[in-house]
Amino acid sequence: MKMTKANNGKNSFFYDLFHSALEYVKKNWAILLVFSITFLASAVIVYFDASTRQTIASFSIDEYEPGMVADKTIIATTNLAADEQFPIAVEEGEKVIRKGFPIAEEDYLKLRKMAASPSYIDYRVFADNILFLMLVSAMAFLLFSPVCLGRKVELKEIILASLLFVVVFGVACFGDKAPLFQGIYNLPVIIPSGLCVALITILFGQIFGLYFSILISFGVLCACNFELIPFLYTLASSFTIVKILRTIENRIDMIFSSIGVALLNVIYICVLKVIFNDNFSDCVFPLAGVAFNGFISGILALGLLTPLEVVMNTASVFRLMDLSDQNSPVLRKLLLTASGTYQHSIMVSQLAESACKEIGANSLLARVAALYHDIGKMEHPEYFTENNIDSENKHTDLNPSLSVSIIKSHLRQSVEKAHQMHLPAQIVNIIAEHHGNSVISYFFNKAKEKNPNANEADFRYDGRLPSTKESAVVMLADVVEAACKSLEKPTAQRLEKFIQQLIEAKIAAKQLDDCALTYGEMTKIKNTFVSILAAYYHGRIKYQNQDSTDSSASEKTVSEKNNSEGEKNE
C-alpha cells in the first residue's frame, strides 16, 4: 500500500513537471526556436572552422617538422589523390608516421596534405566547442529570463541579439584565416564586438547590453581556441561601451564616446601585453587597429540606429529624446485643445523623471511616457476639470455612469493614439497602466448617493496594474500632481503628509503589487515629490493694491474645481 502511494506520488511529480514544461514551451516556442536556430548556426560555423584548421589527429601541423622523431602513430582515414598543390597520394589505412621513428620529407608532405584537406576534421575540437556552446546557450537562457533581466524579453530583442552573436562568433572563428589578422593581438582588430554591443545597449538598455557583452565574450573565447587575450579584451571593451553609453543623451555624444572607446581599447591591449609579458615590438598594427575599431564602431552604430529604431520600434535613448521634444505636433495639438491637460502632463513628467533618477529607474522613459499619458483627452477636453477652470463643470447635469464612461474612455483613446503614432511598446504600456484598475471614487460616491447598490466594478478603470517601476512612478506622479492642487496652504509638511496618504492609498488598493517597488524606493519617490511640489507651491509676495477679496474668491473657486479633479484621479 505504501509502495503504491509512493509510486503515485512520483508519477504525479513527473506528470506535473512534464505538464509545466509543455506549458512553458507553448508560451515561449518562438524564443526557444530562435535559441535553437542560433545554436545550430554557431555549430555550423564551428564545423567549417574545424574542417579548415591545420590539424591532424587533434595535433597542429606546426608541431611536426621533417627529421623530428614522431611522438605518436598517425594513420590515414581516407584516400587523398595527388593534386597540383600536393603531388603525392595518401591511401586509407596507411601509417603516415610511426611513433619513435623520424619523419621523412615525404611523410611530412603527406601530413600537410591531410591537414589542408577538409576531409580531416578535428572532431575533438569540434566536440569541445559544441559542448561549450551548449553552456553559453544555457547562460543566455538564464540571463535573458525575467528573473535576471527584470522583465519579459521580447522576441525582436532575442532575434537581433542572436543575429549579432552569430556575426561576432563567425568573424572571430574565421578572422585568423587571413594572414593580416593572425595572432592573439591582431584578431581583436577585426572582431565587431564594439558595434554589436553599442547597438544592443542603445536599443534595449544597459542591463541587456551587459548580459550580451558577457555572452559574446564567451563566444569569442570559444571561437579563438580558448585563448584568454581576445576574451579579456572583448569583455573589457564591451563593458566599457555599456558604461559610456549609459551617459549619452543625444547623437553628437556618440562621436565623443567613440573617441573615448578608441583610446581605452589601446590601453587595454597595452595592459594585456604587460600582464602576459609580451614585447611591444609588433604592437603598431594591433594598437592602431583596435583604436580604429572602437571609433568606427560608434560611427557605424549611429548610422544603423535610425533604421533599426524604425523597424524594431524600440525606446532607445535617441528615440526618447526625439519624442520628448515639446514642439512635436501631438504635444502642440494637446496644448491648443487641452491646455490644462498639457500643463498637467508637463508637471507629471518632471515629477516622474526626478523620482526615477532617485531610484535608478529609466528616467527618460518615464518623462516621455508622462508627456503622452493623457493624449486621449484631446477628444473631449471639456469633460476634464483642468481644461475648464473658468467654466461650468460639464459633469454637473450628467448621470454618474455616463460621466465615468467618458472619463474611462480617455485611457482607451490614449492607447489608440499611441499605437497610431507608433510609440514604443514601453510607452504604450505605461499609458495603459498609469491608472491601473483603480476606482473613480468621485463618481462612485455620487452614484451611491442615488443608488446604494451601485456596483463598484462599473466605476473602475479598465487598465492593467503597473508592471514596471517607471509605470508605477508615472501613476503616483499623476495622482499626486492632480490631488495636490486641492491642498490649501501647501507647505512642505502638509505636502509630505498628504502625499504619504496618497501613496498608502495606492498600496492599500493593491495598485502597486506588480511593479517591484520597495518601501525604501517609495520613500525616495515621496521625498522627491515633496521637494518639487514644495518649490512649485512656495508662497508668493502679495502685490500692492491687490484686491484680496476677489483673489480669495477666485482661489476658492479654483480650489473647489481642483478638489473635484483630485478625487477623479484617485
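The numbers in my numbering rise by one with no breaks, and the one at position 134 of the sequence shown is 138. Positions of the beta carbon are idealized from the N, C-alpha and C atoms, including for glycine.
(1) Indicate the three-state DSSP secondary structure (helix, strand or coil) for K452 in the structure shown.
(2) Do T341 and P385 count as a contact pair if the criterion is CB distance below 8 angstroms?
(3) Is the segment 369 to 385 touching the segment 432 to 441, taking contact as three or more C-beta pairs under 8 angstroms?
(4) Would you report the Cα separation of E453 and K473, rounded to the nearest angstrom?
(5) Where do the ends of the beta strand (DSSP E) carrying V100 lie?
(6) Excluding the five sequence neighbours on either side, which residues of its own chain have a C-beta within less than 8 angstroms of the C-beta of C488, listed in chain order?
(7) Take K421 as the anchor and find which of K381, V100, N449 has the nearest alpha-carbon.
(8) Using DSSP with H/G/I as helix, E/B as strand and the rest coil, what is L491?
(9) Using the rule of at least 16 other Cβ atoms within 10 Å of the residue's Cβ for burial, across every protein chain shown, is D20 buried or exposed?
(10) Would you call G223 buried or exposed, if buried means 16 or more other Cβ atoms sit within 10 Å of its Cβ?
(11) When you compare the CB positions of C200 and N133, do they come within less than 8 angstroms of one another, or not?
(12) E98 and T82 look like a contact to me (Cβ under 8 angstroms); what is the Cβ gap, rounded to whole Å?
(13) Report all residues from its chain with a CB closer than 6 angstroms to the CB of T553; omit the five preceding and five following residues, and keep chain order.
(14) Name the two residues that bound the continuous alpha helix (DSSP H) containing Q497.
(15) Can you list, in chain order, the residues of its chain with a C-beta nearer than 6 angstroms to that of A481? Leave out the 5 residues immediately preceding and following it.
(16) Consult DSSP for R255 and reduce its assignment to one of helix, strand or coil.
(17) Considering S141, what are the terminal residues of the alpha helix (DSSP H) in which it resides?
(18) Do the segment 297 to 315 and the segment 185 to 200 meet, that is, are 3 or more Cβ pairs less than 8 angstroms apart?
(19) Let me confirm a value: E161 is counted as buried when at least 16 other C-beta atoms fall within 10 Å, else exposed. Which label applies?
(20) Could you check where the alpha helix (DSSP H) with Y376 kicks off and where it finishes?
(21) Span of the alpha helix (DSSP H) holding H414?
(22) Can you round the beta-carbon distance between R371 and S328 to whole angstroms, since I take them to be within the 8 angstroms contact cut?
(23) What three-state label does DSSP hand V157 in the structure shown?
(24) In three-state DSSP terms, what is P576?
(25) Distance check for D466 and F173, CA to CA, integer angstroms please.
(26) I want to see whether chain C comes within less than 8 angstroms of E508, judged by CB atoms only; does it?
(27) Between which residues of its own chain and N229 is the CB-CB distance below 8 angstroms, once the five residues before and five after are set aside?
(28) If we require 4 or more residues per run, which alpha helix (DSSP H) segments fall completely within the segment 157 to 237?
(29) Which of helix, strand or coil does DSSP assign to R116?
(30) Could you check where the alpha helix (DSSP H) with E362 kicks off and where it finishes?
(31) Please classify N335: does DSSP put it in a helix, a strand, or coil?
(32) Could you work out which residue in S490, G307, F216, I211 is closest to S166 when comparing CA atoms only?
(33) Does the Cβ of C177 have 16 or more other Cβ atoms within 10 Å, making it buried, or fewer, making it exposed?
(34) Have a look at A93 and I101 and give me their C-alpha separation to the nearest angstrom.
(35) If you count every other CB in all the chains shown that lies within 10 Å of the CB of F22, and 16 or more means buried, which is it?
(36) Give me the residue from L338, F322, L335, A266 with the minimum Cα distance to T205.
Put simply:
(1) helix
(2) yes
(3) yes
(4) 37 angstroms
(5) 99 to 101
(6) P494, L499, F502, I503, L537, Y541, G570
(7) K381
(8) coil
(9) exposed
(10) buried
(11) no
(12) 10 angstroms between Cβ atoms; not a contact.
(13) Confidence is the limiting factor: at T553 the pLDDT is only 41, short of 50, which leaves the residue's position unreliable, though a coordinate-based value still follows. Once the five neighbours on either side are set aside, T553 has no close Cβ partner at all.
(14) 496 to 512
(15) V352, L355, A356
(16) coil
(17) 127 to 147
(18) yes
(19) buried
(20) 367 to 376
(21) 404 to 424
(22) 6 angstroms
(23) coil
(24) Since the first and last residues shown for the chain are 5 and 574, residue 576 lies out of range.
(25) 47 angstroms
(26) Checking the listed chains, one finds no chain C in this structure; it contains a single protein chain.
(27) V129
(28) 159 to 179, 197 to 208, 210 to 227
(29) helix
(30) 343 to 363
(31) The sequence given here places Leu at residue 335; Asn does not occur at that position. Here L335 sits in helix by DSSP.
(32) F216
(33) buried
(34) 15 angstroms
(35) exposed
(36) F322
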